[in-house]
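Peer 1:
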Amino acid sequence: MNTVFATQSMLQAIGVGARRSLPAAATINWVLKDGLGRLGRLSISTKFGGSFDADLKRFRFVTSIMYCVALAMEYSTPLAPRLFLPLASLANIGKNVGLATYVATQPAFHRSFARGNNLADISAKSQARRLGQQMVFDNVGLALAVLLTHLVRGSERAQRVLPLALFPVLAAGDLASIYFEMKAIHLRSLNRERAEILADHWLGAGASLTPAQVSRAERLLLPPRLDGSALRLSIGALEAGVEGAEDVRALVRHRPPYFLKVAPRAGGRAHAHLALSAEAEARDVLAAVLQTAILRRELRAAPQAPPDFVGDLEGAGWQTDHVLLSRSERARYSVQGGA
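Residue numbers for the sequence shown follow full-length UniProt numbering, beginning at 1 and rising by one.
(1) Smallest Cα separation from residue 258: which of 245, 264 and 272?
(2) For residue 56 versus residue 120, is the C-beta spacing smaller than 8 Å?
(3) Would you identify the three-state DSSP class for residue 71, choosing helix, strand or coil?
(4) Tell me whether the region 56-66 and the region 75-87 touch, counting them as touching only if at least three CB pairs, one residue from each stretch, are closer than 8 Å.
(5) Could you check whether residue 189 and residue 313 sit closer than 8 Å to each other, using their CB atoms as the reference points?
(6) Give me, in chain order, the residues of the same chain whose beta-carbon lies closer than 7 Å to that of residue 122; leave out the 5 immediate sequence neighbours on both sides.
(7) If you draw a straight line from the C-alpha of residue 94 to the C-alpha of residue 48, how long is it?
(8) Between which two residues does the alpha helix (DSSP H) carrying residue 251 extend?
(9) Check each candidate in 226, 73, 140 and 252 and name the one with the smallest Cα separation from residue 198.
(10) Looking at residue 192: is its Cβ nearer than 8 Å to the Cβ of residue 218?
(11) State the beta-bridge partners of residue 235 as determined by DSSP.
(12) Tell me, please, whether the region 66-83 touches the region 159-174 by the rule of three or more beta-carbon pairs shorter than 8 Å.
(13) Do residue 296 and residue 229 come within 8 Å of each other at the CB atom, strictly closer than that value?
(14) If we count Cβ pairs, one from each stretch, closer than 8 Å, do we get three or more for the region 148-155 versus the region 128-139?
(15) Residue 50: buried (16+ other C-beta within 10 angstroms of its C-beta) or exposed?
(16) Residues in its own chain within less than 6 Å of residue 278 by CB, not counting five upstream and five downstream?
(17) Quick one, which of 236, 318 and 91 has its alpha-carbon nearest residue 38's?
(18) Within 10 angstroms of its Cβ, does residue 276 collect 16 or more other Cβ (buried), or is it exposed?
(19) If you draw a straight line from the C-alpha of residue 236 to the C-alpha of residue 177, how long is it?
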């Protein structure tokens, strides 16, 4: 229904249905906005594709908001027909970004439901469910859109106002559905946010949270909760954490699997930066995350992730053999030479 009204608004903006329309100009504008949309989709997929796995739910929800904003721009084209091309092009870029993210993240969500080597079976069932929903809800939405348009057919002003009046309700319903869908998916893989939530809770309660409990705690739009704590953790290249010759000498002398540096910041808050060596494994990442959580509680840093912590995570259903990191977080360093 949302798409029906958006398309109707754009057709009105380019003059389709008007007494004096320009078919050639309308066709050129339509093709141009589609081409620019595909270019935007390609750019986003190329730039951010390497980070999708590290934050699946956030990418999915944020780009869904972008999709709704893009629809709002399509709705507004009749209000500014002369700006049809820039408005429709930007809208199409936003929609293509949303669609690209949806297509890219679906296999990972399907994998979270797999308990054996049945990923293809789950994907097939998901497609069948989606096609069934489209057949029902798309037709119902189309019928309602046609009915409402028919009811206001006598007033051109009402025909223009109707889509704008319905858009907030339709967009809110769409985003609410996606939000609860993301909350209902319980990923068992670890990324920075989920690992920090688990470490912080484990230190306080002595037990691990389940994937379902972490799903309720992790955020989809706002920054991770612990980013606003007294000690924020970032993961990235070594250059961002090394501050002097003493740090370099310590790296050469000890050759640790990771480098964790805590630096004070203005306002009384501190920042911890983690750099991973080329030999660092998933347990090293978990050790650093746990050390940061301990530092938040003003305790001594643990030299390594206690076996009980990793064991509790595995017992709660978490996959500890790999920690998903974004493209910038995957930067590694190696130490050459001796002390």
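Heads up, the beta-carbon is just placed ideally off N, CA and C, and yes, glycines get one too. These numbers come from a predicted model, not from an experiment.
Peer 2: Walking through what the data contain:
(1) In the sequence shown, counting from the first residue as 1, residue 258 sits at position 258. When only C-alpha atoms are compared, the closest one is 272.
(2) For this step, residue 56 is matched to residue 56 along the sequence shown. For this step, residue 120 is matched to residue 120 along the sequence shown. No, they are not a contact pair.
(3) On the sequence shown, residue 71 is found 71 positions in, with the first residue counted as 1. Judged by DSSP in its simplified three-state form, residue 71 adopts helix.
(4) Cβ pair count under 8 Å is below three, so no.
(5) By 1-based counting over the sequence shown, the position of residue 313 is 313. By 1-based counting over the sequence shown, the position of residue 189 is 189. No.
(6) Translated into positions along the sequence shown, residue 122 becomes position 122. Here the set comprises 110, 113 and 114.
(7) The residue given as residue 94 occupies position 94 in the sequence shown. The residue given as residue 48 occupies position 48 in the sequence shown. Distance between the alpha carbons of residue 94 and residue 48: 14 Å.
(8) For the purposes of this step, residue 251 is identified with residue 251 of the sequence shown, where counting begins at 1. Run containing residue 251: 245-254, per the alpha helix (DSSP H) assignment.
(9) Residue 198 sits at position 198 when you count from the first residue of the sequence shown. Checked all of 226, 73, 140 and 252; the closest Cα to residue 198 is 226.
(10) As a first step, residue 192 must be located in the sequence shown, where it is residue number 192. As a first step, residue 218 must be located in the sequence shown, where it is residue number 218. Residue 218 is positioned such that its CB atom lies no closer than 8 Å to that of residue 192.
(11) Looking up residue 235 in the sequence shown gives position 235. Answer by DSSP bridge pairing, in chain order: 274.
(12) Counting C-beta pairs with one atom in each stretch, the region 66-83 and the region 159-174 have three or more that are closer than 8 Å, which means they touch.
(13) The residue you call residue 229 lines up with position 229 of the sequence shown. The residue you call residue 296 lines up with position 296 of the sequence shown. In this structure, residue 296 lies closer than 8 Å to residue 229 by Cβ.
(14) no
(15) Taking the sequence shown and counting its residues from 1, the one referred to as residue 50 is at position 50. Exposed: under 16 other Cβ atoms inside 10 Å.
(16) Residue mapping note: residue 278 aligns to position 278 of the sequence shown, counting from 1. Closer than 6 Å at Cβ, skipping near neighbours: 332 and 334.
(17) As a position in the sequence shown, residue 38 is number 38, starting the count at 1. Selected option, being the one with the closest Cα: 91.
(18) Sequence index remark: in the sequence shown, residue 276 carries index 276 (1-based). That one is buried.
(19) Residue 236 sits at position 236 when you count from the first residue of the sequence shown. Residue 177 sits at position 177 when you count from the first residue of the sequence shown. A direct Cα-Cα distance of roughly 34 Å separates residue 236 from residue 177.
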